[in-house]
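In my numbering, the protein residues as written are 110 to 678.
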């Protein structure tokens, strides 16, 4: 008993007095890590949240060219509670932290040369908040990792790291999300109708071009949905939203920075967000059904979380209109909410302090190799002059309501104020022409994807027929082992075809939405397009190359003709 007590006492002593630096930047989750720092300090550790403030002038250009040491010398940092900033190298030499916790993968390479430059031996820990590990995390000399789940841990262990040094904890949660929120109460307080389907869009997570495309796609949603955009004090995002909503005739609402965003997450029925969204851990913890959007990335948070059935993920904004119909359905939202109920974000947050304390305790042991923007506005009052909240809640209404001739509305009429008015005498703007241009651009992309899926399905059907014939032949000859093998292969080809057929169906539905959007107000009759077949790629002699060029040119002309037919031109 005494021996065990002595052992525990020694472990505790090894934690106390350790200096831990948590390196963050202006885009990082400093507010979420502050409670973690306080927990560590209560255990006797000395913790500093150190903000990396800038990479200056020519140093930045040289760093891009590959100078990790130059990048490191150009970094300046500011510690919490201490005035002014100082150079990172000098600060480490003076204060000599025992543990350096890196929260951004882009700094790993530079931090990797820290020991050679300063002579200070620190344990370097990678604190990964993403669910798909960025390869940049392996560009330095990190000794240990803290990751959010088993899948991320497996990715690091596969790189040769000792699994004992890859702990599972986090990501950290912002303090105001620690307490449970009454969703129905918040909904009433925000003036949201209890019967309407409300989807919140995290607008500041998208660039301007993607945001405009997203607004356009929202007009294609056939479910009755009220869209509310959150721009979080970003004036450029707010301007883009006003312009796009007005341009495409989407009646919606938006709001800026608030101190109680957890109430908004609890009050809505679903959220659209970029897969790298800064509030992703809070969204998962809140249990709100979420559709994450990417830009063609095969890997990322979206794919990783969809694999765990925690979110829906779409890597092509051009198909959002069709996917929204499915996501907005009560059945799908209920499925996601049930799965999210098992995700305990608060426990993960609490485990983070324990994981960092363990790393500090093992600093000497783990140091041995384990493997061969513009700063945000201050508060929510940074609205443009002249803005006024809608009577139904703290939202600004944007976008002109569609005319009756535009068909089913993509948003409910309740709870929305009137959109931007048109000045007397101003010529009426032709929204349908703008929508038609957007639809035409996206239709070309969909047709190419449709043709690719059709070719792949045709090949799978050919293989299915081949193996059906072989199965029949084996049975006729009483070759049971061959029949069993043929049946297994046939089932595989059938299984491969099912998801492709689903994708093809989604693309064709999205095409119809785009064609309807393009024809609004023009009275065009629907014209069904035909499916162009693609010739096989020829390789070899000069003659074949000439034929190939002719086929490509012909194929492009065929695509242009098909787009015109699809749009009824």
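Here a beta-carbon is modelled for each residue, glycine too, at the ideal position from N, C-alpha and C. These numbers were taken from a predicted model, which means no experiment stands behind them.
Hey, out of the options, whose CA is closest to residue i's CA?
i: residue 412; options: 383, 436, 610 and 437; result: 383
i: residue 385; options: 376, 410 and 392; result: 410
i: residue 679; options: 369, 260, 236 and 146; result: Nothing can be reported for residue 679: it is not among the residues displayed for the chain, which extend from 110 to 678.
i: residue 552; options: 352, 443, 326 and 472; result: 326
i: residue 361; options: 310, 618 and 593; result: 310
i: residue 314; options: 291, 293, 306 and 338; result: 338
i: residue 146; options: 444, 334 and 459; result: 459
i: residue 569; options: 610, 583, 579 and 581; result: 610
i: residue 269; options: 402, 251, 153 and 323; result: 251
i: residue 254; options: 468, 596, 555 and 507; result: 468
i: residue 274; options: 613, 591, 465 and 575; result: 465
i: residue 555; options: 593, 597, 612 and 577; result: 612
i: residue 258; options: 575, 317, 452 and 316; result: 452
Once you ignore the five residues that flank residue i on each side, which residues in its own chain have a CB closer than 8 angstroms to its CB?
i: residue 230; result: 224 and 476
i: residue 272; result: 262 and 266
i: residue 139; result: 133, 158 and 160
i: residue 455; result: 282, 287 and 394
i: residue 391; result: 282, 283, 286, 370, 371, 374 and 454
i: residue 320; result: 312, 346, 349, 350 and 353
i: residue 606; result: 566, 569, 570 and 573
i: residue 380; result: 308, 309, 310, 311, 374, 392, 397, 398, 399 and 400
Could you spell out where the beta strand (DSSP E) holding residue i opens and where it closes?
i: residue 505; result: 505 to 507
i: residue 328; result: That residue, residue 328, is in no beta strand (DSSP E); it is neither H nor E in DSSP.
i: residue 310; result: 306 to 311
i: residue 235; result: 232 to 236
i: residue 276; result: 275 to 277
i: residue 355; result: Not the beta strand (DSSP E): residue 355 falls in the alpha helix (DSSP H), residues 344 to 357.
i: residue 254; result: 253 to 256
i: residue 198; result: Per DSSP, residue 198 belongs to no beta strand (DSSP E); it is in the alpha helix (DSSP H), 197 to 204.
i: residue 216; result: Looking at the DSSP string, residue 216 is not in any beta strand (DSSP E), and its letter there is neither H nor E.
i: residue 388; result: It is not in any beta strand (DSSP E) - residue 388 carries neither H nor E in the DSSP assignment.
i: residue 423; result: 421 to 423
i: residue 209; result: 208 to 211
On the DSSP letters alone, give me the boundaries of the alpha helix (DSSP H) that residue i sits inside.
i: residue 474; result: 472 to 475
i: residue 448; result: 439 to 449
i: residue 266; result: 259 to 266
i: residue 142; result: 139 to 151
i: residue 410; result: 410 to 416
i: residue 374; result: 370 to 376
i: residue 270; result: Neither: residue 270 is in no alpha helix (DSSP H) and is coded neither H nor E.
i: residue 292; result: 292 to 298
Residues in the same chain with beta-carbon distance under 6 angstroms from residue i, minus the five sequence neighbours each way, listed in chain order, please.
i: residue 522; result: With a pLDDT of 40 at residue 522, under the threshold of 50, the predicted position of this residue should be treated as unreliable, though the coordinate-derived value follows. Excluding sequence neighbours, residue 522 sits near nothing in its chain.
i: residue 639; result: Low confidence applies here, because residue 639 scores a pLDDT of 39, under 50, leaving its location unreliable; read the following figure in that light. Excluding residues within five positions, none has a Cβ falling inside 6 angstroms.
i: residue 736; result: The shown model of the chain, from 110 to 678, leaves out residue 736, and the question about it has no answer.
i: residue 461; result: 145, 278, 279 and 281
Could you please give me the residues that DSSP links to residue i through a beta bridge?
i: residue 337; result: 309 and 362
i: residue 382; result: 401
i: residue 133; result: 160
i: residue 227; result: DSSP lists no partner for residue 227.
i: residue 128; result: 155
Starting from the C-beta of residue i, find all residues in its chain whose C-beta is less than 7 angstroms away, skip the five residues before and the five after it, and write them out in chain order.
i: residue 573; result: 599, 602 and 603
i: residue 141; result: 281, 282 and 283
i: residue 581; result: none
i: residue 264; result: 242
i: residue 246; result: 214, 217, 235 and 237
Please indicate yes or no: does the CB of residue i lie closer than 6 angstroms to some heavy atom of the ligand GTP?
i: residue 396; result: In the structure shown, the ligand GTP is absent, as is every other ligand, since no ligand is present at all.
Inter-stretch contact (C-beta, 8 angstroms, three-pair minimum) for the stretch 426 to 446 and the stretch 560 to 580 | Short answer: they don't touch.
How about the stretch 125 to 144 and the stretch 207 to 223: do they share at least three Cβ pairs that are nearer than 8 angstroms?
-> These segments touch.
Say whether the stretch 348 to 368 touches the stretch 417 to 425, bearing in mind that this needs 3 or more beta-carbon pairs closer than 8 angstroms, one atom from each stretch.
-> The stretch 348 to 368, when compared against the stretch 417 to 425, does not touch it at the 8 angstroms Cβ threshold.
Three-pair Cβ contact test at 8 angstroms for the stretch 395 to 406 versus the stretch 340 to 351 | In short, these stretches do not touch, since the Cβ pair count stays below three.
Looking at C-beta atoms only, is the number of pairs between the stretch 586 to 593 and the stretch 286 to 304 that lie closer than 8 angstroms three or more?
-> Between the stretch 586 to 593 and the stretch 286 to 304, the count of C-beta pairs closer than 8 angstroms stays below three; the two stretches do not touch.
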